[in-house]
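A.B. asks:
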Ligand SMILES: Nc1ncnc2c1ncn2[C@@H]1O[C@H](COP(=O)(O)OP(=O)(O)O)[C@@H](O)[C@H]1O
Ligand SMILES: [Mg+2]
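In UniProt numbering, the protein residues as written are 1 to 489.
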């Protein structure tokens, strides 16, 4: 209530209009502070009336002070220089703010002609991926000039309207926000087509690892691996299984930032109790032994197995278990490297639904060390060996992987691959497939030429060997994969 006492010492309030028009306060400080200026004497006031009736107000009601009510901020500043209520009115200068209109942006003709906000190059030129469910296009927001990836949701053959898998993917993606998870910006309907709009990343790991000249350095590889497991750790702690970890679903920006993509098979899982899920998930080369043996009660360890397969690819540029697409052959590929599993390694082995059905009639030794010890650093080898455990319960969690000496102590330290800015072009699985086709074509031509020149046998041998090495992956648009993606719907 400090202010309540103040109006008594306040200077007489000027009329509102004179407040605006008042001359600027004198430069020299007034000789007497406002509060001390004596109020005009009664006869003086009466003189000011200029013949008006006695009761006529001489100032607006708002300007009169009421006892007990603070009259305004000036009350709190008794030392403010006195404003002259009778100073000559001054015309108010209105500062004119002239808004200079921005120059109208003119779009280049191709962008201006774009029917969509997201400009796409005509034909197949803008296609960066063609997966199981439809094409992925590279688009340019004509206004912001930001790049996007447009994943078309395939509606053909959907009897029940919007595909439930797309609903699941969208719902899941909307609940995720992490630097190592691709960001879904919006869902767009355009001319009868529906698209998921993502931030655009210049490469995926398949494209990058198959780049004709660029190779990641050891520190870069470690940084990629670290980001992969950070993304996985985020998913698993939020109760999400990705269920399709593979190099083509791992995007890399032109600054070396890695992001997990393709949540078409992902789902929330029950952390504290076991539920049944379909085992027909994950592209077969990256599928863990328990899934191959029919397990339906699985958890995040299936993603750890797939991530370990990707890690081998990051280190060696080659898939570790390149099977022919069948479950039995895939298991054989695994046995050939890790040996046949036994009950000491994996006590639950015999409980697997298809254990009896797929029981191998051979015994194979574990040659993992022999094959990989010299290809990777000691800590990296130890980490890989811990993830390639037959028993899913013995595999480390993503958080444990991140605490492994490979990441924490072994040199070199992880280093972001900022050099990717200079590699030129975008490198996705699609480009590497095209490159491979090109290579195959050239080799065929060479073989034909060699045949014609008489050295038939020799050329056949070398061509065959390369063809085997460059063999088409079973997941590339094959029915097996499409099947694998379908059943969980
Ligand atoms: N945000 C993106 N930026 C750049 N390329 C992408 C993006 N999302 C997907 N792609 C490319 O498209 C391919 C297919 O996309 P993906 O989401 O994996 O669909 P699908 O379920 O059909 O496999 C990927 O392998 C990748 O090369
Ligand atoms: Mg994919």
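For every residue, glycine included, the Cβ atom is placed at its ideal position computed from N, Cα and C.
#1: How far does the alpha helix (DSSP H) with residue 176 in it extend, from its first residue to its last?
#2: Compute the beta-carbon to beta-carbon distance between residue 223 and residue 415, rounded to the nearest angstrom, for a pair I have assumed lies under 8 angstroms.
#3: What does the Cβ neighbour count give for residue 403, buried or exposed, with the cut at 16 atoms within 10 Å?
#4: For the putative contact between residue 311 and residue 205, defined by C-beta atoms under 8 angstroms, what is the C-beta separation to the nearest angstrom?
#5: Measuring only from the beta carbon, is residue 329 closer than 7 angstroms to any heavy atom that is part of ligand 2?
#6: Is it buried or exposed for residue 240, if we count other Cβ within 10 angstroms and need 16 for buried?
#7: How should residue 197 be labelled, buried or exposed, when 16 other C-beta atoms within 10 angstroms of its C-beta is the threshold for buried?
#8: For a test of your reading of the model: does the CB of residue 262 fall under 7 angstroms from any non-hydrogen atom of ligand 2? Yes or no.
#9: Does the separation of the CB atoms of residue 417 and residue 256 fall below 8 angstroms?
#10: Would DSSP call residue 124 helix, strand or coil?
#11: Under three-state DSSP, which class holds residue 427?
#12: Quick check on residue 149: does DSSP put it in helix, strand or coil?
#13: I'd like to check one pair, residue 278 with residue 296: are the Cβ atoms closer than 8 angstroms?
#14: Under 8 angstroms, with one C-beta from each stretch per pair, do the segment 157 to 174 and the segment 376 to 390 reach the 3-pair mark?
#15: Classify residue 44: buried if its beta carbon has 16 or more other beta carbons within 10 angstroms, exposed otherwise.
#16: Starting from residue 118, follow its DSSP beta bridges and name the residues at the other end.
#17: Here's a check: name, in chain order, each residue in its chain whose Cβ is nearer than 6 angstroms to the Cβ of residue 271, leaving out the five neighbours to either side.
#18: I want to check one thing, is the minimum distance from the CB of residue 249 to the heavy atoms of ligand 2 below 7 angstroms?
#19: Go through the segment 259 to 308 residue by residue and report every complete run of the alpha helix (DSSP H) that reaches 4 residues or more, in order.
#20: Could you give the distance in angstroms between the alpha-carbon of residue 317 and the alpha-carbon of residue 209?
#21: Buried or exposed, going by whether 16 or more other CB atoms sit within 10 Å of the CB of residue 245?
#22: Throw me the rounded Cβ distance for the residue 203 and residue 251 pair, which I believe falls under 8 angstroms.
#23: Evaluate the contact criterion for the segment 372 to 383 versus the segment 419 to 430: three or more CB pairs, one atom per stretch, below 8 angstroms.
#24: Quickly, what does DSSP pair residue 157 with across the bridge? List them, please.
#25: Looking at the structure shown, is residue 337 part of a helix, part of a strand, or coil, going by DSSP?
#26: Can you name the start and end residues of the alpha helix (DSSP H) that residue 357 belongs to?
#27: Is residue 187 helix, strand or coil by DSSP?
#28: Could you check if residue 290 is buried or exposed, using at least 16 other CB atoms within 10 Å of its CB as the buried criterion?
#29: Can the beta-carbon of residue 119 be found less than 8 angstroms from the beta-carbon of residue 150?
#30: Would the C-beta of residue 200 count as close to ligand 1, meaning under 7 angstroms from any of its heavy atoms?
#31: Of the residues 90, 367, 300, 264, which one's Cα is nearest the Cα of residue 274?
#32: Is residue 313 near ligand 1, with its Cβ less than 7 angstroms from a heavy atom?
#33: May I ask you to list the residues that DSSP assigns as paired with residue 196?
#34: Excluding five sequence neighbours on each side, which residues of the same chain lie with their C-beta closer than 8 angstroms to the C-beta of residue 409?
#35: Shortest alpha-carbon distance to residue 349 belongs to which of 322, 369, 319, 393?
C.D. replies: Reading from the atomic positions:
#1: Segment: none, residue 176 is in no alpha helix (DSSP H) and carries neither H nor E.
#2: 6 angstroms
#3: exposed
#4: With a Cβ gap of about 11 angstroms, residue 311 and residue 205 do not count as contacting.
#5: Checking the Cβ of residue 329 against ligand 2 gives no.
#6: buried
#7: buried
#8: yes
#9: With a cutoff of 8 angstroms on beta-carbon distance, residue 417 and residue 256 are scored as near each other.
#10: helix
#11: strand
#12: strand
#13: Their beta carbons are under 8 angstroms apart, which means residue 296 touches residue 278 by this criterion.
#14: no
#15: Unreliable placement is indicated for residue 44, whose pLDDT of 46 sits below 50; no coordinate value is reported for it.
#16: 141
#17: 239
#18: yes
#19: 289 to 292
#20: 6 angstroms
#21: Burial call: buried.
#22: 7 angstroms
#23: no
#24: Beta-bridge pairing by DSSP links residue 157 to no other residue.
#25: helix
#26: Counting along the chain, residue 357 falls outside any alpha helix (DSSP H), and DSSP gives it neither H nor E.
#27: strand
#28: buried
#29: Contact: no.
#30: yes
#31: 300
#32: no
#33: 151, 187.
#34: 379
#35: 393
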